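Peer 1: Okay, here's the structure, questions in a sec.
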Amino acid sequence: TRKVGCDFRLTLRHHKRDGRWHLLHTNPSHNGHNPSTPMHHPQHCRLTSDQLAFVESQTDAGVTAAQIVASLKQQYGSSFTATRKTVYNAQARLRTRRLNGRSPIRALLDEF
5 TRKVGCDFRL
15 TLRHHKRDGR
25 WHLLHTNPSH
35 NGHNPSTPMH
45 HPQHCRLTSD
55 QLAFVESQTD
65 AGVTAAQIVA
75 SLKQQYGSSF
85 TATRKTVYNA
95 QARLRTRRLN
105 GRSPIRALLD
115 EF
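Below is the structure:
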C-alpha cells in the first residue's frame, strides 16, 4: 500500500480479558486500488525475448537504460509498457548470468 499512497491498515489483536480477537482498521472506506494503466501490472511490463536480446546488445554497446526504453517505445509504440526499472532488472539478470555464480571480483581475477 505504500507504493500507491494508501493509508489502509488492519490490526488484529487478541484481548485476554474477553478471550476474543478484535480487528481494527484505518480508513474503512478503502476498498482496494485499481491500477489505471497496464504499467501498474507486472505481467504487462515483461520484456519479450526479442526485447531482451535488444536490451543485451544495447547494454553491451554502453547505451543507458533510459535510452533503451526510449528506443523500445519508438519501435513498439503504445504496446510497450516496460519502464527503466524493467530494463535495469534485465541488465542485472544479464550480469548475474555472465558471472556464472562468481562474485564480480572473482570474475575479474579469473581474467588474469
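Each residue of the sequence shown is one higher than the one before, counting from 5 in our numbering. Backbone N, C-alpha and C fix where the C-beta goes; we use that ideal spot for every residue, glycine too. Quantities reported herein were computed from a predicted structural model and do not represent experimental measurements.
Closest to Thr30 by CA distance: which of Val73, Leu16, Tyr80, Leu51 is it?
Peer 2: Out of Val73, Leu16, Tyr80, Leu51, Leu16 has the C-alpha closest to the C-alpha of Thr30.
Peer 1: Tell me the rounded alpha-carbon separation between Leu28 and His18.
Peer 2: Spanning the two alpha carbons is a distance of roughly 11 Å.
Peer 1: Which residues mark the beginning and the end of the alpha helix (DSSP H) in which Arg24 is found?
Peer 2: First-last for Arg24: 24–30, but that is the beta strand (DSSP E), not the alpha helix (DSSP H).
Peer 1: Suppose contacts are defined by Cβ-Cβ distances below 8 Å. Is Ala96 in contact with Leu56 by that definition?
Peer 2: Cβ atoms of Ala96 and Leu56: not closer than 8 Å.
Peer 1: Measuring straight from C-alpha to C-alpha, what distance separates Lys89 and Leu103?
Peer 2: Cα to Cα, Lys89 sits roughly 21 Å from Leu103.
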